[in-house]
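Participant:
4 protein chains.
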Amino acid sequence: MDYPQIITQIATQVNPLFGQGKVADYIPELGKVPPEQFGFCLHLNDGQVFAHGHSGVKFSIQSISKVFTLSLAFQLMGEDLWKRVGVEPSGTAFNSLMQLEYEKGIPRNPLINAGALVVTDILVSAFQDPKAEILRYLRLLTGNDCIQFNASVAQSERNSGYRNYALGYFLKSFGNLHNDVEQVLDVYFHQCAVEMTCVELAAAMQLFSHHGVEPHSGQRLLTMSQTKRLNAVMQTCGFYDEAGEFTFAVGLPGKSGVGGGIAALLPGQYSLAVWSPELNKKGNSVLGMKALELFTTLTGRSVF
Amino acid sequence: MDYPQIITQIATQVNPLFGQGKVADYIPELGKVPPEQFGFCLHLNDGQVFAHGHSGVKFSIQSISKVFTLSLAFQLMGEDLWKRVGVEPSGTAFNSLMQLEYEKGIPRNPLINAGALVVTDILVSAFQDPKAEILRYLRLLTGNDCIQFNASVAQSERNSGYRNYALGYFLKSFGNLHNDVEQVLDVYFHQCAVEMTCVELAAAMQLFSHHGVEPHSGQRLLTMSQTKRLNAVMQTCGFYDEAGEFTFAVGLPGKSGVGGGIAALLPGQYSLAVWSPELNKKGNSVLGMKALELFTTLTGRSVF
Amino acid sequence: MDYPQIITQIATQVNPLFGQGKVADYIPELGKVPPEQFGFCLHLNDGQVFAHGHSGVKFSIQSISKVFTLSLAFQLMGEDLWKRVGVEPSGTAFNSLMQLEYEKGIPRNPLINAGALVVTDILVSAFQDPKAEILRYLRLLTGNDCIQFNASVAQSERNSGYRNYALGYFLKSFGNLHNDVEQVLDVYFHQCAVEMTCVELAAAMQLFSHHGVEPHSGQRLLTMSQTKRLNAVMQTCGFYDEAGEFTFAVGLPGKSGVGGGIAALLPGQYSLAVWSPELNKKGNSVLGMKALELFTTLTGRSVF
Amino acid sequence: MDYPQIITQIATQVNPLFGQGKVADYIPELGKVPPEQFGFCLHLNDGQVFAHGHSGVKFSIQSISKVFTLSLAFQLMGEDLWKRVGVEPSGTAFNSLMQLEYEKGIPRNPLINAGALVVTDILVSAFQDPKAEILRYLRLLTGNDCIQFNASVAQSERNSGYRNYALGYFLKSFGNLHNDVEQVLDVYFHQCAVEMTCVELAAAMQLFSHHGVEPHSGQRLLTMSQTKRLNAVMQTCGFYDEAGEFTFAVGLPGKSGVGGGIAALLPGQYSLAVWSPELNKKGNSVLGMKALELFTTLTGRSVF
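Residue numbers (the numbering used here), protein chains in the order written: chain A, 1 to 304; chain B, 305 to 608; chain C, 609 to 912; chain D, 913 to 1216.
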């Protein structure tokens, strides 16, 4: 398949969509990103990489970090992880707090904020220096020792993260947060503030398209079964309110972030990352969503 | 792949699970089915069929019928269908009525009862004799002119279907049911009371594994894109509260029914049907769920 | 106290409010009522009656009927009544169906629609001809043998009462409606379609200001304690979403209806009825609410 | 009326109820209170006081403090107060967080925790030293300069108050908390930790039975209309889930606290306080509820 040609065609087709979305501004630091950028990186399981556009520009991975902390916590806890967080889609955003109340503090899944806080809490319990450990892990997956937090984004998140504080204390009131809320949120705000390029993000997702084996070292980090579960969770829960829509339009397990990034993969075949800062009303990248839809349509390769 | 051997092995492995579940009894007629039955049928896209056990016994397809009426309504309405019903997972069962209230009468997806009633309403609007038309369609898909409703099951559903009446009138109060509630429910109770064998059900699902082409006639009923959407909806919404769990454990688009049947498919490769009447607490067949999990594990073929 | 002067002053003060509200039109028959009408009737416990304006015009009492059917069911069932319906305010209208689901079919109180349907179901179980019995009871309370249902209003309610059908079937699914839903709704739509004048309505409310004694006959229909409970329920639950607001502004137990009527009372002292068809957004009479607020302010007599 | 005799009779009648409830233990400090205590104090508007039993023992007023901070905030803000908090009953406890979400951060009423936090936030904005100001106000109302916070109870509340932190941050995320969450909660935990005797609490409630005039100084603190509103809010919202039940059984505006105290009043006639530490499942004092019910029954004086 002529991937470079397909990717170029996609870039051309999504270009007219600039201006239809809005850069996230609830975190002031994110609002400063120039909107007219589009990067794309396809990373085949055989090692070939096809990158395009602003694929070398660092962006804030935000909620995409939840996939990585989840995979790390899964390695630590095994199946016990699912005693503290579910694997079911969450329905509407509106319900999140009510569901947490109704289900006695067990978040519906690990990719909504409440669930991701529980996952981060597990890392805080497990590691002396959880922030360093997260960086170490992401550097391993990307093969890049320069992966860093953006300190001013982390600070910006903290200053406007009242709802996350509310979730944290609510989980704590149910006994499903074992560490100090401030400490867990400090780690959480930092993991969201990690910066990557599309090239790095696509590389990091190779773990999931390789069924749990980190391809550079050949080291197995997750069992086949664990990887299948993580991919399944991404498929059903990775796009908030648009999980159903995305599953249809794109048909790949993946995860989006309000920084404008989307990471996705086809098990056994490839991983990819796309980035463009303008978001639709549901908080997903406008050009990113369209690019992925075009990619699976033009290549004819998706899970469905 | 040695399918007969794999299927035999599965049948042996699930056998000890008899007695762990309970036959549905909320509809008296269903409660009369002898519990210790297990049928399995695999239907490859190349036409090969491997059947096992009680795969020739008729059972009530119940909610699996929602997939067929949905595919018929989709042919009639095209994308306009999605103005009347969503494509997102529904969260907990508990929320169903509240979500309907909050979202002004638009059901979350077409595979929960409220959504299926809207789909049936579309058929009632479109056809002079919607019950006959549903039978005609199912006979086409199965290639079997003897497909019938079980009249006493339909009557039994009606007699205990107060909650479905409530849903129907609630949809009507929002203007999202165009026909008489009684008439829509009559069709709905009949579609749920259709009886099929595993062999017939697997055959009927070929439409979806063939990307929308009915394989006997070679006739295209659904576009590629429509079929992709239907498969995606089955993946994210086909198993009520267990959609996430099923997506992980099995990793195939599918749909279950309280009659104990489960239909599933791998796009481009095969469809299958499994049946065993004993249900777990979420209303899915105990042996059926396990059999599917074993099948994708032993064959190594799932969407993830 | 110079009641005629006070009532005249109130009528003058509320007059400029005509045009601020809207006559109920969800039931077509109600929409035909000429809007610029205002009636007021004060009925003191010592037998004096002061009536003003359109106080002799018949109007549809609608939800005010719930108070009368409740008092009748309470006589029949005693404290057992509260096993089937609660006595707590219902929070927002929005929650009604969800609360019913969460609380397993026990309505929050007997003055919301769900609760009133349970009350009517009790009358249907108790009486051969419940509609005749309701008329008999209202004729006793008003001392007027001409009290009647308006048949075209009852028919109009039935034709647009989908939400009430939904509630009825939902209650039935929980086993908290013992009779046929159609039959209960037929009685319910008729009780809502009873017509009274302000003079008649004020007279009927004397039962509650006389601590349970019907004043014409001197017959005790309710115990002191039962009357206290009914008054308490009217105080906390009588005005839907505006119960708190009304308790503050007016400070009397009472009940409103979408026909534009409001009935209220001060225990041991007086009952009153006010009617004006234009409603505010919460479904309560604009001029009626203001008139009651002025009445308790000008007379200095309320429960607080 | 022979009040001493009536009160003695009540004390005798409630005595057998010891052991039926449980002392609050979610705050460790409260769990240390000896359970078998019962105090009662009636304070007539003419100045007569009748006290009985442990009416001179200090106890933690807890949520009863909400009435006092509310009345203080009302003096400061006037009607603008109701832009930030509603006056409607809250329905079930279960709904609290969801309602806050649905109603965009405006608590249903000022006597649930969310609403009381908004009220405290107003005091934090208004006063240099809000804790000192609250003490000053309570000392004025009780005529006792020794009213104090119990520091170890306040600390105990803080240590287990995760849910209140969650509410605070949630309000903050909606912009309905203007000050630092930590600071508001510090004041809130202190106001809950105020200690009073029944005699002092009954005295403090005289403000509300005197229509807004502080009786010792003759100073008007609240207008008649403001007092009427506060009494109405206590009537409809003062007893959490038991507001309807309490309105019926007792028929007085009032407020309970998990320390086992209940304060109530009959406008224009008397205020009273009762205290007994054992609570029913809804968090109200077992002996206190029964004593109040007996008091209004035996004296025949309630609002209904």
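Just so you know, even glycine gets a beta-carbon here, dropped at the ideal spot from N, CA and C.
If we cut at 9 Å on Cβ distances, does tyrosine 770 of chain C have a partner in chain B?
Facilitator: Locating residue 770 of chain C in the third sequence gives position 162, counting from the first residue. Interface residue, yes.
Participant: Report all residues from its chain with a CB closer than 8 Å to the CB of glutamine 183 of chain A; omit the five preceding and five following residues, and keep chain order.
Facilitator: Numbered from 1 along the first sequence, position 183 holds the residue referred to as residue 183 of chain A. Excluding positions up to five away in sequence, the list reads Val124.
Participant: Take histidine 819 of chain C and list the residues in its own chain whose beta-carbon comes closer than 6 Å to its own, dropping the five residues that flank it on each side.
Facilitator: By one-based count along the third sequence, residue 819 of chain C stands at place 211. Result list for histidine 819 of chain C: Met832, Thr835, in chain order.
Participant: Along chain D, which residues have their Cβ under 8 Å away from the Cβ of phenylalanine 856 of chain C?
Facilitator: On the third sequence, residue 856 of chain C is found 248 positions in, with the first residue counted as 1. Within chain D, Val999, Lys1140, Arg1141, Ala1144, Val1145 have C-beta atoms less than 8 Å from the C-beta of phenylalanine 856 of chain C, given in sequence order.
Participant: By the three-class DSSP mapping on this structure, what secondary structure does cysteine 502 of chain B have?
Facilitator: Position 198 of the second sequence, counting from 1, holds the residue named residue 502 of chain B. Here cysteine 502 of chain B carries a helix assignment [DSSP, helix/strand/coil].
Participant: Taking the C-alpha atoms as reference points, what is the distance between tyrosine 469 of chain B and tyrosine 777 of chain C?
Facilitator: Locating residue 469 of chain B in the second sequence gives position 165, where the first residue counts as 1. Locating residue 777 of chain C in the third sequence gives position 169, where the first residue counts as 1. Taking the straight line from one Cα to the other gives about 6 Å.
Participant: Below 9 Å between beta carbons: does that hold for valine 622 of chain C and leucine 895 of chain C?
Facilitator: Working through the third sequence from its first residue, we reach residue 622 of chain C at position 14. Working through the third sequence from its first residue, we reach residue 895 of chain C at position 287. Yes, these two residues count as a Cβ contact at 9 Å.
Participant: Is there contact between the region 970-980 of chain D and the region 1103-1121 of chain D, where contact requires at least three CB pairs shorter than 8 Å?
Facilitator: yes
Participant: What residue from B:Glu518, B:Ala547, B:Ala497 has the CA that sits closest to leucine 334 of chain B's CA?
Facilitator: Reading the second sequence from its first residue, position 30 is the one you call residue 334 of chain B. Comparing Cα positions, the closest option is B:Ala497.
Participant: Going by CA-CA distance only, name the one from D:Ala936, D:Leu1204, D:Leu1012 that's closest to glycine 1087 of chain D.
Facilitator: Position 175 of the fourth sequence, counting from 1, holds the residue named residue 1087 of chain D. Out of D:Ala936, D:Leu1204, D:Leu1012, D:Leu1012 has the C-alpha closest to the C-alpha of glycine 1087 of chain D.
Participant: Taking lysine 817 of chain C as the reference, give the member of C:Ala759, C:Arg837, C:Gln799 with the closest Cα.
Facilitator: Sequence index remark: in the third sequence, residue 817 of chain C carries index 209 (1-based). The residue you asked about is not lysine; residue 817 of chain C is serine in the sequence shown. Ranking the options by Cα distance to serine 817 of chain C, first place goes to C:Arg837.
Participant: Measuring CA to CA, which of B:Asn483, B:Ala355, B:Glu437, B:Tyr466 is closest to phenylalanine 372 of chain B?
Facilitator: In the second sequence, the residue the question calls residue 372 of chain B occupies position 68. Looking at the Cα atoms, B:Glu437 is the closest of the given residues.
Participant: At which residues does the alpha helix (DSSP H) containing phenylalanine 68 of chain A begin and terminate?
Facilitator: By 1-based counting over the first sequence, the position of residue 68 of chain A is 68. Run containing phenylalanine 68 of chain A: 65-77, per the alpha helix (DSSP H) assignment.
Participant: Please compile the residues from chain C whose C-beta is within a distance smaller than 9 Å of the C-beta of arginine 354 of chain B.
Facilitator: Walking along the second sequence from the start, residue 354 of chain B turns up at place 50. According to the sequence displayed, residue 354 of chain B carries phenylalanine and not arginine. Ordered by position in chain C, no residue passes the 9 Å Cβ test against phenylalanine 354 of chain B, which lies about 42 Å from the chain.
Participant: I'd like to know whether the C-beta of proline 267 of chain A is nearer than 9 Å to at least one C-beta of chain B.
Facilitator: Start at 1 with the first residue of the first sequence, and residue 267 of chain A comes out as number 267. Chain B, which has a Cβ nearer than 9 Å to the Cβ of proline 267 of chain A, makes this yes.
Participant: Would tyrosine 745 of chain C be called buried (16 or more neighbouring beta carbons within 10 Å of its own) or exposed?
Facilitator: In the third sequence, residue 745 of chain C corresponds to position 137, counting from 1. Classification of tyrosine 745 of chain C: buried, given that the 10 Å Cβ count is 16 or more.
Participant: Please name the residues in the region 777-796 of chain C whose beta-carbon is closer than 9 Å to at least one beta-carbon of chain D, in chain order.
Facilitator: none
Participant: Under a CB-based cut-off of 9 Å, is serine 879 of chain C close to chain D?
Facilitator: One-based indexing of the third sequence puts residue 879 of chain C at position 271. Output row for serine 879 of chain C: interface = no.
Participant: Below 8 Å, how does it come out for the region 1185-1198 of chain D and the region 919-933 of chain D: are there three or more Cβ pairs, yes or no?
Facilitator: The region 1185-1198 of chain D makes contact with the region 919-933 of chain D: 3 or more CB pairs, one atom from each, lie closer than 8 Å.
Participant: Please report the distance separating the alpha-carbon of valine 233 of chain A from that of alanine 420 of chain B.
Facilitator: Within the first sequence, numbered from 1, the residue matching residue 233 of chain A stands at position 233. Within the second sequence, numbered from 1, the residue matching residue 420 of chain B stands at position 116. For valine 233 of chain A and alanine 420 of chain B, the distance between alpha carbons rounds to 25 Å.
Participant: Applying a beta-carbon distance threshold of less than 9 Å, which residues of chain A neighbour asparagine 413 of chain B?
Facilitator: One-based indexing of the second sequence puts residue 413 of chain B at position 109. Gly244, listed in chain order.
Participant: Is there a Cβ from chain D that is less than 9 Å from the Cβ of leucine 279 of chain A?
Facilitator: Here residue 279 of chain A refers to the residue found at position 279 when the first sequence is read from its first residue. With 9 Å as the cut-off, leucine 279 of chain A does not count as an interface residue toward chain D.
Participant: List, from N- to C-terminal side, the alpha helix (DSSP H) runs of 4 residues or more that fit wholly inside the region 722-761 of chain C.
Facilitator: The region 722-761 of chain C contains these whole alpha helix (DSSP H) runs: 738-750.
Participant: In the structure shown, what three-state DSSP assignment does isoleucine 311 of chain B receive?
Facilitator: Here the question's residue 311 of chain B lines up with position 7 in the second sequence. In the structure shown, isoleucine 311 of chain B sits in a helix (DSSP, three-state: H, G or I).
Participant: Going by alpha carbons, who is nearest to isoleucine 720 of chain C out of C:Tyr770, C:Leu743, C:Ile672?
Facilitator: Position 112 of the third sequence, counting from 1, holds the residue named residue 720 of chain C. Considering only alpha carbons, the answer is C:Ile672.
Participant: Evaluate contact between the region 240-249 of chain A and the region 375-395 of chain B, counting only Cβ atoms and requiring at least three cross-stretch pairs below 8 Å.
Facilitator: yes
Participant: Looking at the strands, I want to know which residues DSSP matches up with tryptophan 579 of chain B.
Facilitator: The count along the second sequence starts at 1 and reaches residue 579 of chain B at position 275. According to DSSP, which records beta bridges pairwise, tryptophan 579 of chain B is partnered with B:Gly343, B:Gly565.
Participant: Spatial neighbours of alanine 1026 of chain D within its chain, please: C-beta separation below 7 Å, excluding the five flanking residues on both sides.
Facilitator: As a first step, residue 1026 of chain D must be located in the fourth sequence, where it is residue number 114. Correct list, in chain order: Ser1008, Leu1012, Pro1019, Leu1079, Leu1083.
Participant: Using beta-carbon positions only, say whether leucine 873 of chain C and methionine 813 of chain C come within less than 9 Å of one another.
Facilitator: Here the question's residue 873 of chain C lines up with position 265 in the third sequence. Here the question's residue 813 of chain C lines up with position 205 in the third sequence. Taking 9 Å as the Cβ cut-off, leucine 873 of chain C and methionine 813 of chain C qualify as a contacting pair.
Participant: Answer yes or no: does any C-beta atom of chain C fall closer than 9 Å to that of alanine 470 of chain B?
Facilitator: The residue you call residue 470 of chain B lines up with position 166 of the second sequence. Output row for alanine 470 of chain B: interface = yes.
Participant: How about glutamine 974 of chain D and glycine 1171 of chain D: do their beta carbons lie closer than 9 Å?
Facilitator: Position 62 of the fourth sequence, counted from the first residue, corresponds to residue 974 of chain D. Position 259 of the fourth sequence, counted from the first residue, corresponds to residue 1171 of chain D. Taking 9 Å as the Cβ cut-off, glutamine 974 of chain D and glycine 1171 of chain D qualify as a contacting pair.
Participant: Is threonine 236 of chain A close to chain B, meaning its C-beta is less than 9 Å from at least one C-beta of that chain?
Facilitator: Within the first sequence, the letter at position 236 stands for residue 236 of chain A. For threonine 236 of chain A, the answer is yes, since a Cβ of chain B falls inside 9 Å of its Cβ.
Participant: Do glycine 254 of chain A and leucine 292 of chain A count as a contact pair if the criterion is CB distance below 9 Å?
Facilitator: Indexing the first sequence from 1 puts residue 292 of chain A at position 292. Indexing the first sequence from 1 puts residue 254 of chain A at position 254. It is a contact, given that the beta carbons lie within the stated cut-off.
Participant: Who pairs with alanine 963 of chain D in a beta bridge, going by DSSP?
Facilitator: Within the fourth sequence, numbered from 1, the residue matching residue 963 of chain D stands at position 51. Answer is D:Cys953.
Participant: Between the beta-carbon of glutamine 763 of chain C and the beta-carbon of glutamine 1147 of chain D, is there less than 9 Å?
Facilitator: As a first step, residue 763 of chain C is located in the third sequence; it is residue number 155 there, counting from the start. As a first step, residue 1147 of chain D is located in the fourth sequence; it is residue number 235 there, counting from the start. For glutamine 763 of chain C and glutamine 1147 of chain D, no; Cβs fall outside 9 Å.
Participant: Of the residues A:Ile10, A:Gln5, A:Tyr188, which one's Cα is nearest the Cα of leucine 294 of chain A?
Facilitator: In the first sequence, residue 294 of chain A corresponds to position 294, counting from 1. Per the Cα distances, A:Ile10.
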